[in-house]
Structures are given as structure tokens and as C-alpha cells.
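Trainee:
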Amino acid sequence: MNWYCLTLTAEQVAQGKLEECKEAFEGAFAAAKGPRTMALFKREMDGVVTLFFTPICRDHAADLLAAWGCASCERPSLIDLHLVVGHHEITYYMP
13 MNWYCLTLTA EQVAQGKLEE CKEAFEGAFA AAKGPRTMAL FKREMDGVVT LFFTPICRDH
73 AADLLAAWGC ASCERPSLID LHLVVGHHEI TYYMP
């Protein structure tokens with residue numbers, strides 16, 4: 013199963029794009045009634061933030077993934093990965 017990712021530059025983060033993405037995703041998560049495997053993660057490195065979306069997001073947030081130009085990617089390593097939206101126990105059953 014493919015994950016999805018979006019890289020935000022330091023400038024985009026400073027302009028509030030990270031918060032915008034988080035709020036929009038929270039809306040999609042709530043509308044989908046919070047599936048246990050639906051989540052948004054982030055990894056920050058040198059001012060750049062990469063957002064990672066679990067595979068089920070294509071079923072509940074496809075419009076957001078498309079609008080943001082998210083790319084398909086492999087499951088990210090848990091190292092330096094932080095949950096932004098989703099259930100805290102997601103790491104126990106990450107797809």
C-alpha cells in the first residue's frame with residue numbers, strides 16, 4: 013500500500029501552510045469518523061517539513077491529496093516521525 017507525502021519549504025511553513033494542511037486534514041478525519049488507520053504525520057529537518065499520509069487517506073481525503081499535489085511514497089521510517097492528526101496508538105498497526 014502506498015503512502016502519500018507532501019514537502020513544505022521553510023517559507024511555506026512560515027506562511028502557515030502547515031497549519032492550513034493540519035486544519036483541512038482534521039476536517040476530513042472528522043468527516044470520516046476517525047478511522048483508526050487514517051493519520052497525518054510530519055518530519056521536520058532543517059526548516060523543511062514533510063507530511064506523510066497513511067494509505068487509507070486516499071479513501072477519505074483524496075481531494076486534499078490531489079489539491080496539494082501529494083506524491084505516492086513508501087511507508088516512512090518511524091525515526092523522527094511525529095503524529096499530527098490521528099489516534100495515538102496508530103504506530104501499533106501502521107499500514
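Following this note's numbering, the numbering of the sequence shown begins with 13 at its first residue and continues without gaps.
Note that beta-carbon positions come from the ideal geometry of N, C-alpha and C, so glycine has one too.
Values in this document were obtained by computation on a predicted structure and should not be read as measured data.
(1) With contact counted as at least three CB pairs below 8 angstroms, one residue from each stretch, are the stretch 51-69 and the stretch 86-102 in contact?
(2) List the residues that DSSP assigns as beta-bridge partners of Lys45.
(3) Suppose you measure from the CA of Gly81 to the CA of Leu20; what does that come to, to the nearest Å?
(4) Between the alpha carbons of Ala73 and Met13, how many angstroms are there, rounded?
(5) With which residues is Val60 paired in a DSSP beta bridge?
(6) Just tell me which of Thr103, Gly98 and Ile102 has its CA closest to the CA of Lys34.
(7) On the DSSP letters alone, give me the boundaries of the alpha helix (DSSP H) that Leu76 sits inside.
(8) Taking 7 angstroms as the limit between beta carbons, can you name the residues of its chain near Cys69, skipping five residues before and five after?
Mentor: Considering the structure as presented:
(1) Yes: at least three Cβ pairs fall under 8 angstroms.
(2) According to DSSP, Lys45 bridges with nothing at all.
(3) In this structure, the straight-line span from the alpha carbon of Gly81 to that of Leu20 is close to 11 angstroms.
(4) Each residue's alpha carbon lies about 16 angstroms from the other.
(5) BP columns for Val60 point to Met57.
(6) With distances taken between Cα atoms, Lys34 lies closest to Gly98.
(7) For Leu76, the enclosing alpha helix (DSSP H) stretches over residues Ala74 to Trp80.
(8) Same-chain partners within the cutoff: Tyr16, Met50 and Leu77.
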